[in-house]
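Trainee:
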Amino acid sequence: MGLSKEQIAQRIAKEVKDGYYVNLGIGIPTLVANYVRDDISVEFQSENGVLGMGPFPFEGEEDADIINAGKQTITTLPGASFFDSALSFGMIRGQHVDLTILGAMEVAQNGDIANWKIPGKMVKGMGGAMDLVSSAENIIVAMMHTNRAGESKLLRECSLPLTGVGCVKKIVTNLAVLEVTREGFLLLERAPGVSVDDIKAVTEGNLLVSDEVPEMQV
Amino acid sequence: MGLSKEQIAQRIAKEVKDGYYVNLGIGIPTLVANYVRDDISVEFQSENGVLGMGPFPFEGEEDADIINAGKQTITTLPGASFFDSALSFGMIRGQHVDLTILGAMEVAQNGDIANWKIPGKMVKGMGGAMDLVSSAENIIVAMMHTNRAGESKLLRECSLPLTGVGCVKKIVTNLAVLEVTREGFLLLERAPGVSVDDIKAVTEGNLLVSDEVPEMQV
Amino acid sequence: MINKKVKSVTEAVNGVKDGMTFMLGGFGLCGIPENCIQQLVKLNIKDLTCISNNAGVDDFGLGLLLQKHQIRKMISSYVGENDEFERQMLSRELDVELIPQGTLAERCRAAQAGIPAFYTPAGYGTEVADGKETREFNGKHYVLEHAFKADFAFVKAWKGDEAGNIIFKGTARNFNPVMCGAAKTTVVEVEELVPAGSLEPNQIHVPGIFVQRIFEGAKYEKRIEQRTVRKKS
Amino acid sequence: MINKKVKSVTEAVNGVKDGMTFMLGGFGLCGIPENCIQQLVKLNIKDLTCISNNAGVDDFGLGLLLQKHQIRKMISSYVGENDEFERQMLSRELDVELIPQGTLAERCRAAQAGIPAFYTPAGYGTEVADGKETREFNGKHYVLEHAFKADFAFVKAWKGDEAGNIIFKGTARNFNPVMCGAAKTTVVEVEELVPAGSLEPNQIHVPGIFVQRIFEGAKYEKRIEQRTVRKKS
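Protein chains in written order, with this note's numbering: chain Z, 5 to 222; chain C, 5 to 222; chain A, 1009 to 1241; chain G, 1009 to 1241.
1) How is the alpha helix (DSSP H) around Phe87/Z delimited, first residue to last?
2) Taking the alpha carbon of Ser1060/A as the point to measure from, which residue in Arg1100/A, Ala1158/A and Tyr1127/A has its own alpha carbon closest?
3) Tell me which same chain residues have a C-beta within less than 6 Å of the C-beta of Val222/C, skipping the five on either side of it?
4) Does DSSP put Gly29/Z in a helix, a strand or coil?
5) Taking the alpha-carbon positions, what's the Arg1143/G to Val20/C distance?
6) If you scan the region 22-72 of chain C from start to end, which runs of the beta strand (DSSP E) of 3 or more residues do you find wholly inside it?
7) Name, please, each residue of chain A whose Cβ falls closer than 8 Å to the Cβ of Asn1146/G.
8) My understanding is that His149/Z touches Thr177/Z, with C-beta atoms under 8 Å, so please give their C-beta distance in whole angstroms.
9) Cα-Cα, which of Ser1241/A, Phe1156/A and Ala1226/A is closest to Thr1029/A?
10) Taking 9 Å as the cut-off, decide whether the C-beta atoms of Ile1045/G and Gly1023/G are in contact.
11) For Gly74/C, which residues in chain A fall below 7 Å Cβ to Cβ?
12) List, in order along the chain, the chain A residues whose C-beta lies closer than 8 Å to that of Ile96/C?
13) What span of residues does the alpha helix (DSSP H) with Ala1171/G cover, start to end?
14) For Lys1012/A, which option in Phe1126/A, Gly1205/A, Asp1169/A and Lys1025/A has the closest C-alpha, if you only look at C-alpha atoms?
15) Quick check: the region 70-84 of chain Z against the region 1201-1221 of chain A, are at least 3 beta-carbon pairs closer than 8 Å?
16) Between Gly29/Z, Tyr24/Z, Asp116/Z and Gly98/Z, which lies nearest to Gly188/Z when the distance is taken from Cα to Cα?
17) Within its chain, find whatever has a CB closer than 8 Å to the CB of Leu1112/G; leave out the 5 residues flanking it on each side and keep chain order.
18) Which term fits Gly1071/G, buried or exposed, when burial requires 16 or more other beta carbons within 10 angstroms of its beta carbon?
19) Does any residue of chain G bring its CB to less than 9 Å from the CB of Gly83/Z?
20) Using 8 Å as the Cβ pair cut-off and three pairs as the minimum, do the region 109-126 of chain Z and the region 51-68 of chain Z touch?
21) Gln99/C versus chain G: which residues are under 7 Å apart at the beta carbon?
22) Kindly list, in the order they appear in chain A, the residues whose Cβ is closer than 9 Å to that of Phe1176/G.
23) To the nearest angstrom, report how far apart Ile1053/A and Ala1165/G are at their CA atoms.
24) Can you find a C-beta in chain G that's less than 9 Å from the C-beta of Tyr1150/A?
25) Is there a Cβ from chain G that is less than 9 Å from the Cβ of Asp201/Z?
26) With 9 Å set as the bound, which would you pick, yes or no: does the beta-carbon of Leu166/C sit closer than that to a beta-carbon of chain A?
27) On the criterion of 16 or more Cβ atoms from any shown chain inside 10 Å, does Asn1173/G qualify as buried, or is it exposed?
28) Would you say Lys1081/A and Val1049/A are within 9 Å of each other, going by their C-beta atoms?
29) Would you kindly work out how many angstroms separate the C-alpha atoms of Thr1194/G and Gln1220/G, rounded to a whole number?
30) Identify the contact partners of Leu1098/G in chain Z, using a Cβ-Cβ distance below 9 Å as the criterion.
31) With H, G and I counted as helix, E and B as strand and the rest as coil, what does DSSP make of Gln76/C?
32) Determine whether the beta carbon atoms of Ile30/C and Gly1036/A lie at a separation below 9 Å.
33) Measuring CA to CA, which of Glu1200/G, Ile1232/G, Glu1233/G and Pro1215/G is closest to Ala1226/G?
34) Considering only residues of the same chain and omitting the five flanking positions on each side of Ser1016/G, which have a CB-CB separation below 8 Å?
35) State the DSSP-derived secondary structure class of Leu179/C, mapped to helix, strand or coil.
36) From this set, Leu212/Z, Val181/Z and Thr185/Z, which residue's C-alpha is nearest Val198/Z's C-alpha?
Listed below in structure tokens is the structure:
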């Protein structure tokens, strides 16, 4: 039901504005780059030390020394630059990156996010996620509305260890676009063919619904 | 009486060892570069952002963009590098510079130094001196033994506002070479023709004198 | 590529107001934003707080702003070589805060990098530490220092591209890189502005993300304070 | 010029001992000190603490040290892509401290720059901040983090000169520059070692003062972890 991962990325791409520097997390967020309007100027930052990332290289042109934070071979566009990890996180911590898009296991209605650790399971680490969520003024979470067990990932309180507190501003799931407000998740848009009741049914956290909730344009 | 400024510099030059990175303050310390043995490898750092300074440029070859911390036009040697002020003071604070040579108005027998401010007079500022003296493990002060009024500059306690506390290791004046020890100024060498009594007479701080104090070789 | 190019110095300093705090790059007269300073003089804005390692000389650099009494407070490490500065300071027309040079650089860098505060040994046991928190780490004493806050940073670079990427030459680099992104708006003037893609991505000293406006400055004087030379023998 | 060149990797890692703490540059397998790692494997020193953003893969990078159980503790931000690592971690043979990537970088930089401690927002309100001092600045919460201490830093650069000056290529730069001078001894391996004076002084990424030993490494494999390409259309 609802959007595909590509469609989630497509919807999030609309949040990317002219002049934005954007950090994309691994997974759905990486796909966002494919859908950004080409009449606006945007630069993608990867925390391992590159600004101005372009598309993947053509076969045979990949360079082991030029990768993104997902360790994928990449290319750069005119105006790109390389830098060290301290400067890279200076960009992030210093709020020079305008928008951070990342995945999550859970988001709480106060904006808390959990996306790095499941107790009892192998923990791979937080990478740059804690720096990103504690610093960015504009954070969008891209995720499925429910986990594999069908349980809501939009909660009153996160049950998993936190990545950051009160930081998420917006969430785009396969079912809905939601804003984190003081009173809870404000439902902004429904995925095509998805009803408000469908969304209510899988949203554990407080859901604020206005009289009319428009359908997403994707 | 005693050494000229050039001779003080010459004596200090003997403290510069093979493989040292050295920061030279303005005044007598600047002259030290002229007297370092040419069979050892030494690099001079200037805190405004250059490592590997060479001699002054030939007439007509000076470059407004290449100066030292005294704002003098300089040249660089093979292996030189330029960097920003944060990295430069990272070198200093991180104790990567092996030796700091600077002037002083007063030195106390516990190693305190005052060299930046005379209350009531125009204060020009400490520049990089406070960073240098609080960080360097090896600090040599180059100065005249007395001030213009003939008063000792080697004191029990500094009377002027401090630049740093307990940091000076060695002092070379026109009259003597002294080491700062727990008990006071240990007289290591006398300037040619200067007696121990001459030095005692103008040293207000506690002076430790062994049976035989050799004459400086300059 | 996000284009940061502005057409003129007028556009570059747009938004400056009385009472603002500015950062200005340069060490002595080396690497100072000559064009921006001249424009600030022209605009005659007042009550400025200037964070700059030095204060120029009587007739150049920040000295030009001092002459017109535009500066209310200087935050610097060394302010010699300027008679008018001395006069205003002694007559208390001008407020002066002297801080260690490394602390000045690191407080800029902290502002750039989102570090609100850090510990440094500089100034411990001196009047610079008066009223500040001190703390011992591994048997050594340190002073807590905070990131600067500023409205504009005026920076001078050698070359830059339209994406705001910049490169410095020699010791004209000094405080300029650490001031980029350390203020709400960073304005960079360069001797040569080139199209994006002209600079080698590995050699960029400051990426354009830290820069809001960039322009090619005119008529650089690049005055030398202490011309020191030796004779060819 | 102070010459930092050593003849071989053997000489370069001279002094490494059981129980030491090492910093190792690289992000994933990009920009890792391949030659030094192989030498550490060969020397079979044990009980190592390794500060490195990642832990290699099973048969390359730090994975080689893990295979031989040489590492007692890893301090990293992300340790996926390594089955042996997972096995040792779950069986508690290996101690793992996970810290935010930006904090890892800044703790290296702090060690390099003589900053004993600094405040960062990363990890506030999470288990990363457990037992650490937290503090509010301007209404935002921060965690106090300390400079690392390490015995050796192993760094991989692209080009270097005999004075120890180094230059990096692409994203192989990553943690390498901030680890230089952050340990008691910094060892740099480069793909190409040139005489002092061959590198442009304005383009040096890390000045030789932060480097104790430099050598030209052999047979770089530079393995790609995620070869991602598109077809020419």
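Quick reminder that beta carbons are idealized off the backbone N, C-alpha and C, glycines included. From a predicted model like this one, the values you see are computed outputs, not experimental measurements.
Mentor: The answer reads as follows:
1) Your numbering for residue 87/Z matches position 83 in the first sequence. Phe87/Z -> no alpha helix (DSSP H), and no H or E assigned at all.
2) Here the question's residue 1060/A lines up with position 52 in the third sequence. Check the Cα spacing between Ser1060/A and each of Arg1100/A, Ala1158/A and Tyr1127/A: the tightest is with Ala1158/A.
3) Along the second sequence, read from residue 1 onward, the residue named residue 222/C stands at position 218. Answer for Val222/C: Gln11, Gln14 and Arg15, listed in chain order.
4) Looking up residue 29/Z in the first sequence gives position 25. Reduced to three states, the DSSP call for Gly29/Z is coil.
5) For the purposes of this step, residue 1143/G is identified with residue 135 of the fourth sequence, where counting begins at 1. For the purposes of this step, residue 20/C is identified with residue 16 of the second sequence, where counting begins at 1. Answer to the nearest angstrom: the Cα atoms are 44 Å apart.
6) As far as the region 22-72 of chain C is concerned, its whole beta strand (DSSP E) runs of at least 3 residues are 24-28, 46-50 and 54-57.
7) Residue mapping note: residue 1146/G aligns to position 138 of the fourth sequence, counting from 1. Here the neighbours are Pro1124.
8) For the purposes of this step, residue 149/Z is taken as the residue at position 145 of the first sequence. For the purposes of this step, residue 177/Z is taken as the residue at position 173 of the first sequence. The pair is a contact, with the Cβ atoms about 4 Å apart (cut-off 8 Å).
9) As a first step, residue 1029/A must be located in the third sequence, where it is residue number 21. Ranking Ser1241/A, Phe1156/A and Ala1226/A by Cα distance to Thr1029/A puts Phe1156/A first.
10) Looking up residue 1045/G in the fourth sequence gives position 37. Looking up residue 1023/G in the fourth sequence gives position 15. Not a contact, by the Cβ cut-off of 9 Å.
11) Reading the second sequence from its first residue, position 70 is the one you call residue 74/C. Gln1234, listed in chain order.
12) Reading the second sequence from its first residue, position 92 is the one you call residue 96/C. Close to Ile96/C, with beta-carbon spacing below 8 Å, are these residues of chain A in chain order: Gly1110.
13) As a position in the fourth sequence, residue 1171/G is number 163, starting the count at 1. Neither: Ala1171/G is in no alpha helix (DSSP H) and is coded neither H nor E.
14) For the purposes of this step, residue 1012/A is taken as the residue at position 4 of the third sequence. For Lys1012/A, the nearest C-alpha among the options comes from Asp1169/A.
15) Between the region 1201-1221 of chain A and the region 70-84 of chain Z, the count of Cβ pairs shorter than 8 Å is three or higher; the stretches touch.
16) Taking the first residue of the first sequence as 1, we reach residue 188/Z at position 184. Gly188/Z has its Cα closest to that of Asp116/Z, out of Gly29/Z, Tyr24/Z, Asp116/Z and Gly98/Z.
17) Within the fourth sequence, the letter at position 104 stands for residue 1112/G. Contacts found: Ile1059, Asn1061, Ile1083, Ser1084, Ser1085 and Phe1183.
18) Numbered from its first residue, the fourth sequence carries residue 1071/G at position 63. By the neighbour-count definition (other C-beta atoms within 10 Å, threshold 16), Gly1071/G is a buried residue.
19) As a working mapping, residue 83/Z is identified with position 79 in the first sequence. By this cut-off, Gly83/Z is not an interface position.
20) Counting Cβ pairs under 8 Å, fewer than three are found: no touch.
21) Start at 1 with the first residue of the second sequence, and residue 99/C comes out as number 95. Contact note: Gln99/C reaches chain G through Gly1122, using a C-beta cutoff of 7 Å and chain order.
22) The count along the fourth sequence starts at 1 and reaches residue 1176/G at position 168. The answer, in chain order, is Asn1210.
23) Sequence index remark: in the third sequence, residue 1053/A carries index 45 (1-based). Sequence index remark: in the fourth sequence, residue 1165/G carries index 157 (1-based). When the Cα atoms are used, Ile1053/A and Ala1165/G turn out to be separated by approximately 48 Å.
24) Here the question's residue 1150/A lines up with position 142 in the third sequence. Cβ-Cβ to chain G under 9 Å: yes for Tyr1150/A.
25) Looking up residue 201/Z in the first sequence gives position 197. Output row for Asp201/Z: interface = no.
26) As a working mapping, residue 166/C is identified with position 162 in the second sequence. With 9 Å as the cut-off, Leu166/C counts as an interface residue toward chain A.
27) Locating residue 1173/G in the fourth sequence gives position 165, counting from the first residue. Its Cβ being crowded by 16 or more others within 10 Å, Asn1173/G is buried.
28) Within the third sequence, the letter at position 73 stands for residue 1081/A. Within the third sequence, the letter at position 41 stands for residue 1049/A. No.
29) Here residue 1194/G refers to the residue found at position 186 of the fourth sequence. Here residue 1220/G refers to the residue found at position 212 of the fourth sequence. Distance between the alpha carbons of Thr1194/G and Gln1220/G: 5 Å.
30) Within the fourth sequence, the letter at position 90 stands for residue 1098/G. Chain Z residues near Leu1098/G: Met126.
31) By one-based count along the second sequence, residue 76/C stands at place 72. Strand.
32) Locating residue 30/C in the second sequence gives position 26, where the first residue counts as 1. Locating residue 1036/A in the third sequence gives position 28, where the first residue counts as 1. It is not a contact, given that the beta carbons lie outside the stated cut-off.
33) The count along the fourth sequence starts at 1 and reaches residue 1226/G at position 218. Ranked by Cα distance from Ala1226/G, the options Glu1200/G, Ile1232/G, Glu1233/G and Pro1215/G are led by Glu1200/G.
34) As a working note, residue 1016/G is residue 8 in the fourth sequence. So the list reads Phe1223, once near-sequence residues are dropped.
35) Position 175 of the second sequence, counted from the first residue, corresponds to residue 179/C. Taken through DSSP and simplified to helix, strand or coil, Leu179/C comes out as coil.
36) One-based indexing of the first sequence puts residue 198/Z at position 194. If we check each option's Cα against that of Val198/Z, Val181/Z comes out closest.
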